[in-house]
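With the working numbering applied, the sequence shown has no gaps in its numbers, which climb one by one up to 599 at the end.
Below is one structure; the comments refer to it alone.
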Amino acid sequence: MYFLPNILTLFRILLTPLFLYFIFNENHYFIAIVIFTIASITDFFDGKVARKYNANSEFGKFLDPLADKVLILSTFAAFYFLNIIPLWFLIIIFIRDLLITCLRIFMIKTGNSLQTSKNAKFKTTFQFIFIYFLFLFLLCKFYFASEIQLLVIASSYILPIFTFFIAFSTIESAMDYLHKIKAINQSKVVFKTYEFLTTFFYIGKIKYAPGTIASFIAMLLFLFLPQVQTITFFQILFILFTLGVVSSKFVAEKLGQKDPAQIVIDEVVGMWFATFMLPQNFVWYFATFFIFRFFDIFKPFLIKKVEKINGGLGIMLDDILAAFYTNLIIFILMRFLV
Numbered sequence: 262m263y264f265l266p267n268i269l270t271l272f273r274i275l276l277t278p279l280f281l282y283f284i285f286n287e288n289h290y291f292i293a294i295v296i297f298t299i300a301s302i303t304d305f306f307d308g309k310v311a312r313k314y315n316a317n318s319e320f321g322k323f324l325d326p327l328a329d330k331v332l333i334l335s336t337f338a339a340f341y342f343l344n345i346i347p348l349w350f351l352i353i354i355f356i357r358d359l360l361i362t363c364l365r366i367f368m369i370k371t372g373n374s375l376q377t378s379k380n381a382k383f384k385t386t387f388q389f390i391f392i393y394f395l396f397l398f399l400l401c402k403f404y405f406a407s408e409i410q411l412l413v414i415a416s417s418y419i420l421p422i423f424t425f426f427i428a429f430s431t432i433e434s435a436m437d438y439l440h441k442i443k444a445i446n447q448s449k450v451v452f453k454t455y456e457f458l459t460t461f462f463y464i465g466k467i468k469y470a471p472g473t474i475a476s477f478i479a480m481l482l483f484l485f486l487p488q489v490q491t492i493t494f495f496q497i498l499f500i501l502f503t504l505g506v507v508s509s510k511f512v513a514e515k516l517g518q519k520d521p522a523q524i525v526i527d528e529v530v531g532m533w534f535a536t537f538m539l540p541q542n543f544v545w546y547f548a549t550f551f552i553f554r555f556f557d558i559f560k561p562f563l564i565k566k567v568e569k570i571n572g573g574l575g576i577m578l579d580d581i582l583a584a585f586y587t588n589l590i591i592f593i594l595m596r597f598l599v
């Protein structure tokens, strides 16, 4: 019984290439799903057996999360090659898994261990749910291709929302691991990197009205930079939002403040969100700037409550809500004045 958990884990790795063989064959999607399900079940039982029979080992602690990464990353890679998920999402999953695997190896070599965090467990659970949703989408696409409207709704709205959410949880869990490692957490280089990002190239270090100045510069950048496709813009905005959540939490904790004035990445992301659908017109851009600053400074409606959310999420999310209210007012004004 001592070796059974590791045997189950190795079996999960061996099932992965078999799964890939069937997922790339249109006539065998159901077989691929069954194989993936069996592999997923081994992930549940290897840990359960190890705890029940006291069969925990350092090799097993390293192999189990590695097997999960092999299975999940291979599955997402398959969905990418089947044109279901975007490349940037696959890259995020790959970099995160590579980073955590390297950290585990480093910790083992230094005589330590890297325990799986709660955030990582939630992340893995959400990834499995997302994968089964992708399976369902794949089956509908293959067997019910005539239901075009259903596929359009799924591909245009549901898939992007799922994709962004899973990508966010993946990045957040990676940074959670990094913060728990004392040597990294106390590193001045890490703090300076986060500070550089959260202050938006040190604009936040300006003594007077750093948030207003950062918002104004963000508006000018958006006004003069080339226009990009909406989906590309949202991908960029999502990455900046995620980095903002992670880095602002770290900087705020280091400074011992809930929302330090020097953190202005939230104003930058909020300002870009408020202006992304505007025409290239100075008047509307400046109107958006002043309305956004009003909502961000005075925080009416739900903005004040959202700001009270702990960590980087509260720092970033209140500006997104301020941008949403700004968009609403600007669109009403444009409808009646243009």
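We put the beta carbon where it would ideally sit given N, CA and C, even for glycine.
With a threshold of 7 Å on Cβ separation, who are the neighbours of residue i within its own chain once the five nearest residues in sequence on each side are excluded?
| i | result |
| --- | --- |
| I353 | A428, T431 and I432 |
| K384 | S430, T431 and S434 |
| K468 | none |
| I474 | I464 and I467 |
| Y546 | M480, L484, T536 and L539 |
| L351 | F337, A338 and Y341 |
| T549 | A535, T536, L539, T587 and I591 |
How many whole angstroms separate the CB atoms of residue i and residue j, which I take to be in contact at a CB cut-off of 8 Å?
| i | j | result |
| --- | --- | --- |
| F555 | S476 | 11 Å between Cβ atoms; not a contact. |
| T587 | A535 | 4 Å |
| L582 | L563 | 6 Å |
| L364 | Y438 | 6 Å |
| F355 | L332 | That belief does not hold up - the Cβ atoms of F355 and L332 are roughly 14 Å apart, past 8 Å. |
At which residues does the alpha helix (DSSP H) containing residue i begin and terminate?
| i | result |
| --- | --- |
| Y586 | G572 to L598 |
| M480 | P471 to F485 |
| Y613 | Missing from the structure shown is residue 613; the chain here goes from 262 to 599 and no further. |
| K519 | Element bounds for K519: n/a, residue is neither H nor E. |
| I564 | I564 to E568 |
| T277 | L265 to I284 |
| I668 | No information on residue 668 is available, as it lies outside the stretch 262 to 599 that the chain covers here. |
| M532 | I526 to T536 |
Checking 8 Å against the spacing of the C-beta atoms, do residue i and residue j come in under that value?
| i | j | result |
| --- | --- | --- |
| T298 | T270 | no |
| G604 | D358 | The shown model of the chain, from 262 to 599, leaves out residue 604, and the question about it has no answer. |
| M532 | A470 | no |
| L498 | V530 | yes |
| A339 | I274 | no |
| L279 | I296 | yes |
| I345 | L281 | no |
| M577 | D520 | no |
| S301 | F423 | no |
| F283 | I292 | yes |
| G572 | G505 | no |
| F494 | F537 | yes |
| L343 | L420 | no |
| V268 | T336 | According to the sequence as given, residue 268 is Ile; it is not Val. Contact: no. |
| F425 | V525 | no |
| K330 | T362 | yes |
Note down, in chain order, each residue of its chain lying with its Cβ closer than 6 Å to the Cβ of residue i, except the 5 sequence neighbours on either side.
| i | result |
| --- | --- |
| F511 | Y455 |
| L501 | V530 |
| T277 | V331, L332 and S335 |
| D579 | I564, V567 and E568 |
Can you list, in chain order, the residues of its chain whose CB lies under 8 Å from that of residue i, leaving out five sequence neighbours each side?
| i | result |
| --- | --- |
| F452 | F511, V512 and K515 |
| I457 | Rather than Ile, the amino acid found at residue 457 in this sequence is Phe. Only Y463 meet the Cβ criterion. |
Would the C-beta of residue i count as close to the ligand NAP, meaning under 7 Å from any of its heavy atoms?
| i | result |
| --- | --- |
| V525 | For the ligand NAP, the structure offers nothing, since it holds no ligand at all. |
Consider the Cβ of residue i: report whether some Cβ of chain B lies at a distance smaller than 8 Å.
| i | result |
| --- | --- |
| Y469 | Chain labels in this structure do not include chain B; a single protein chain is all it has. |
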